[in-house]
């Protein structure tokens, strides 16, 4: 616990006056405010989130609002908890025994950590793309159609339209439209990652989660993915984990800096990268730490 002055944006931290910026002096954990109320612009509201790997406490009282149709970046050194935080948003952690989340993650007024939540539908709403491209060992067409077949009953023509739509959204259609029957694994690394993005958005999610989506790609493929993120945020709320500071600065609207499972600072990306309010954030951004 620290005693310091913390500046925060009410939309991100839940002030009752969404247009007002406030300055408070209080004993707070880094990056956390005294209150957390629902904001009309928030798609995801994380409130007092704690996460455990067995007895290891890896996320500590995380609070933030993720705004709709914006890009939010999670940054921080390896082991800080940023990928763990991302995976709580669609409860991917439940695939592994001994991992427990406590607190609230509110999406459209419902706590997705509630045991009554339909996990399969949650993961359709919160699509995820991983660090390395993970195309299924099947055709390009079937890769994109796979999730749609699970969640919807579409005619053959409707399914073809959905596949084309998703590939168009992922900026891949023109490159694969004449070889939809080819294996997804036959594509280049950058194309495979865009195929995975097409697969995620084919089920029409509300949020797209990107876990270091360009870390295994070359600079040209990385540029394609970053441009795609700009296009996708017109329709989706996007959360990205990245180790690349320049990438976070380029693609995100808001940035959260994490360290040792705590949210140190969260705010407008331009502020985080030019005039951060926490020295720890400045040290990390400038390469003095991490």
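Residue numbers (my numbering): 1233 to 1522.
Idealized CB from N, CA, C, for every residue including glycine.
Please read all numbers here as calculations on a predicted model, not as lab measurements.
- In the DSSP assignment, residue 1331 forms a beta bridge with 1285.
- For residue 1392, the uninterrupted alpha helix (DSSP H) segment begins and ends at 1388-1401.
- Within a 10 Å sphere around the beta-carbon of residue 1393 sit fewer than 16 other beta-carbons, which makes this residue exposed.
- Counting C-beta atoms within 10 angstroms of its own C-beta, residue 1521 has fewer than 16 neighbours from the protein chains shown and is therefore classed as exposed.
- At a Cβ-Cβ threshold of 7 Å, residue 1439 and residue 1358 count as neighbours.
- Of the residues 1437, 1505 and 1445, the one whose Cα lies closest to the Cα of residue 1300 is 1437.
- For residue 1402, the closest of 1480, 1273, 1425 and 1477 by C-alpha to C-alpha distance is 1425.
- Membership of residue 1379 in the alpha helix (DSSP H) is indicated by the continuous run 1372-1383.
- Listed in chain order, the non-local C-beta contacts of residue 1373 below 7 Å within the same chain comprise 1395, 1412 and 1413, local neighbours out to five positions each way being set aside.
- Residue pairing by DSSP places residue 1490 opposite 1495 in a beta bridge.
- Within the same chain, no Cβ atom closer than 8 Å to the Cβ of residue 1328 is found once the five residues on either side in sequence are excluded.
- Counting only residues of its own chain and dropping the five nearest sequence neighbours on each side, residue 1423 has a CB closer than 7 Å to the CB of 1404 and 1407.
- If you draw a straight line from the Cα of residue 1293 to the Cα of residue 1320, it is about 13 Å long.
- Remark: C-beta atoms of residue 1473 and residue 1348 do not approach each other more closely than 7 Å.
- Assignment of alpha helix (DSSP H) within the segment 1304-1364, counting only whole runs of 4 or more residues, yields 1314-1320 and 1351-1357 in chain order.
- DSSP places residue 1408 inside the alpha helix (DSSP H), whose first and last residues are 1405-1408.
- Per DSSP, the continuous alpha helix (DSSP H) segment holding residue 1460 begins and ends at 1451-1464.
- For residue 1369, the closest C-alpha among the options 1276, 1514 and 1428 is that of 1428.
- Here residue 1293 carries a strand assignment [DSSP, helix/strand/coil].
- Sorting 1452, 1361 and 1302 by C-alpha distance to the C-alpha of residue 1276 places 1302 at the top.
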